[in-house]
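To start, the structure under review is shown below, and the notes come after it.
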Amino acid sequence: MDNKMRCVLAILLAMTCISVNGEDPYLFHEWNVTYGTLSPLGVPQKVILINNQFPGPRINGTSNNNVHVNVFNHLDEPLLFTWNGIQQRKNSWQEGTLGTNCPIPPGKNYTYRFQVKDQIGSYYYYPTTGLLRAAGGYGPLTVVSRALIPVPFDKPEDDYTVLVGDWYTKSHTELRSMLDTGRGLGRPQGLVINGKSGKGDGKDEPMYTLTPGKTYRFRFCNVGMKDSINVRFQGHTMRLVEIEGSHVVQNVYDSLDIHLGQCLSVLVTADKEPKDYFIVASTRFTKEPHTATATIRYANSKSPASPQLPKAPEGWEWSLNQFRSFRWNLTNSAARPNPQGSYHYGKINISRTIKLVTSAGKVDGKLRYAINGISHVDPPTPIRLAQHYGVSDKVFKYDLIKDDYKPTGEDGQDKITLEPSVINGTWKSFVEFVIENPGKSVQSFHMSGYAFFAVSIEPGRWSPEKRKNYNLLDAVSRNTIQVYPNSFAVIMTALDNAGLWNIRVNSMEKHYLGQQFYLSVHAATVSLQDEYNMPDNNLLCGIVKDLPKPTPFRA
Ligand SMILES: *[C@@H]1O[C@H](CO)[C@@H](O)[C@H](O)[C@H]1NC(C)=O
Ligand SMILES: *[C@@H]1O[C@H](CO)[C@@H](O)[C@H](O)[C@H]1NC(C)=O
Ligand SMILES: *[C@@H]1O[C@H](CO)[C@@H](O)[C@H](O)[C@H]1NC(C)=O
Ligand SMILES: *[C@@H]1O[C@H](CO)[C@@H](O)[C@H](O)[C@H]1NC(C)=O
Ligand SMILES: *[C@@H]1O[C@H](CO)[C@@H](O)[C@H](O)[C@H]1NC(C)=O
Ligand SMILES: *[C@@H]1O[C@H](CO)[C@@H](O)[C@H](O)[C@H]1NC(C)=O
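For the sequence shown, the positions run -22 to -1, 1 to 533 when mature numbering (1 follows the signal peptide of the UniProt record, and there is no 0) is used.
Dropping the structure here:
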């Protein structure tokens, strides 16, 4: 029996299997994506399940694993998953956004194939089509290091994922029709931790059990749709060890702010009185915060958790100071962002500064969100496919966004145009993105395909003199950055990953209503060394559906 056969059998038995062929190991997943009825906030509603689970199964990759996820869409609408934070090196074909992929039609399947590299850290996946994420369908994705590569802390007793997010009790179709008819979604109805909301009355089943004296890794991600979240443990401090794939200086915190789309890991030691405790999550910067709890139980627990919950901090200045305390650990021997080795990003000359200004406005009476005046719409032919088939000019225009944009209105209002928005980035250039948020709510930006250095967040407007305040030494290399109201953030990255990459605001409604764009990065002479060819199982749609496949490669 060859390895492949063994795997097929193992899939039937266990859904996941690893085969080792001398090449990098494979991790196979088969996912049945269905609707089910659950009550995340105590009210029964339609939720998206993966193999009957919500949140979906954990993808636990080890660096260099080849991950195959065969997704069977049993929903009644098109589906795509994105692997938020995984840098698909040379492989934007697997991004799972509407600019890179045709959605999987109902009743069909598609196998994502990607390799997780040395991004030792915490991520998550979620559905990107049609507001499906409001119904769940998300789950944890983690990458651990190979046995020989040291990590800058002792192996924890166990490694838990904690997906925290706000939640609406309306269905995703109801929410979608609100947005489609020009209305906002309003506030979510509550918060859930791993899809559940504890009553917090001391009678909830424990979500995690701890052995006294042992240290555990908790990987938090804010998988929500609107709100920043603060997390804390009753009676315990947290030692921060990792943020979105970077090992950081291990400061100790009482509580941590996690903005939309962000992930981090903390170590918590069970060295207190043997009883139950709560993990507490609450929304930040909201008038009446939502709070959720999950119970942790010492194995020899003698009493329920105290109803006295630790308080959340107030105001966003606290949050900004905490951001500034996050530092990349320059002396640890574990994974480094690309390029490999000691990477003195602060010494590289900036080849381009792209200023991004977010705005809101009405178009034909309907609410839209924009970046530099353009509210992105996904064309029926995915942008990456249009490029590949040489029909870009029939589908979109490059560079509608200008690098130095001045909004026309006050307070984040602006004149808005609806178009597919694609920036042409120069291969191997070193780019500074300045993100200005003139609005009144905290924003969170995600860049796919890359990790960037989060060198600055400051109140006010950006100007070149602000560069003297950048952290050019030990800023954390990560993939998501928050921008406070009337503030700006600056990120820097080398455009060394060829492909088409979505840059988006993580707020679900703002993303859906256009606050996103694509960054197109291709070498002048295309080569399979820089970017993989279109996979043979790629789904086709739009105007390329019946065109002959270009060979071997086009960008
Ligand atoms: C998915 O559903 C098919 C058909 O119902 C079933 O044969 C298969 O075992 C399921 N796979 C998993 C991983 O649950
Ligand atoms: C993840 O995979 C690694 C390597 O196979 C294994 O050692 C570890 O126990 C797994 N962790 C979890 C939480 O499944
Ligand atoms: C659909 O699943 C089958 C196996 O059940 C697989 O052979 C095929 O490649 C998958 N389709 C795509 C487009 O990945
Ligand atoms: C950085 O990592 C090194 C190597 O693992 C470790 O010894 C050191 O304590 C860490 N430094 C800080 C400030 O956390
Ligand atoms: C960076 O810019 C400075 C000043 O313009 C110049 O002197 C230096 O040679 C440049 N460095 C590189 C590596 O291009
Ligand atoms: C993108 O920019 C590069 C130079 O950086 C240029 O060579 C290329 O022609 C541009 N591509 C498009 C489609 O405008």
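Don't be surprised by glycine CBs; every beta carbon is placed ideally from N, CA and C.
Boundaries of the alpha helix (DSSP H) harbouring Ser297: 294 to 303, taken from the DSSP string. Of the candidates Asp96, Phe198, Asp158, Arg445, the residue whose Cα lies closest to the Cα of Thr139 is Phe198.
In this structure, His150 and Ala112 form a Cβ contact; the two beta carbons are roughly 4 angstroms apart against a cut-off of 8 angstroms.
Note on Val230: under 16 other CB atoms within 10 angstroms of its CB, so exposed under the neighbour-count rule. For ligand 6, the residues with a Cβ under 5 angstroms from any of its heavy atoms are, in chain order, Tyr376, Asn402, Thr404. Between the stretch 424 to 431 and the stretch 381 to 399 there are fewer than three C-beta pairs closer than 8 angstroms, too few to call the two in contact. Here Pro442 carries a helix assignment [DSSP, helix/strand/coil]. Apart from the 5 residues on each side of it in sequence, His354 sits with its Cβ closer than 6 angstroms to the Cβ of Ser399, Gly492, Gln494, Phe495 in its chain, given in chain order. If you measure from each CB to the nearest heavy atom of ligand 2, the residues under 6 angstroms come out as Asn38, Thr40, Val122, Asp137.
For Ser206, the CB contacts under 8 angstroms within the same chain, skipping 5 residues up- and downstream, are Asn200, Asp235, Ile236, His237, Leu238, Thr261, Arg262, Phe263, Ser297, Val420, Ser422, Gln460 in chain order.
Taking C-alpha positions only, Phe408 is separated from Cys241 by approximately 25 angstroms. Comparing C-alpha distances from Glu487 to each of Thr273, Gly164, Thr147 shows the shortest one belongs to Gly164.
The nearest non-hydrogen atom of ligand 3 is 7 angstroms or more from the C-beta of Tyr462. Counting along the chain, the unbroken beta strand (DSSP E) around Leu16 starts and ends at 4 to 16. Three or more beta-carbon pairs drawn from the stretch 454 to 471 and the stretch 433 to 443 are found closer than 8 angstroms, and the two stretches are therefore classed as touching.
Within 10 angstroms of the beta-carbon of Pro360 lie 16 or more other beta-carbons, which makes it buried. DSSP links Ser100 through a beta bridge to Thr120.
Every residue whose Cβ sits closer than 6 angstroms to any heavy atom of ligand 3 is listed here in chain order: Asn48, Asn87, Tyr88, Thr89, Asn515.
When C-alpha distances from Lys384 are compared across Glu397, Thr404, Asn415, Glu410, the shortest belongs to Asn415. Contact between Gly351 and Thr395 holds: CB atoms are separated by about 6 angstroms, below the 8 angstroms threshold. Distance from the CA of Tyr194 to the CA of Gly213, rounded to the nearest whole angstrom, comes to 15 angstroms. Taking 8 angstroms as the cut-off, the beta carbon of Met216 is found no closer than this to the beta carbon of Val258.
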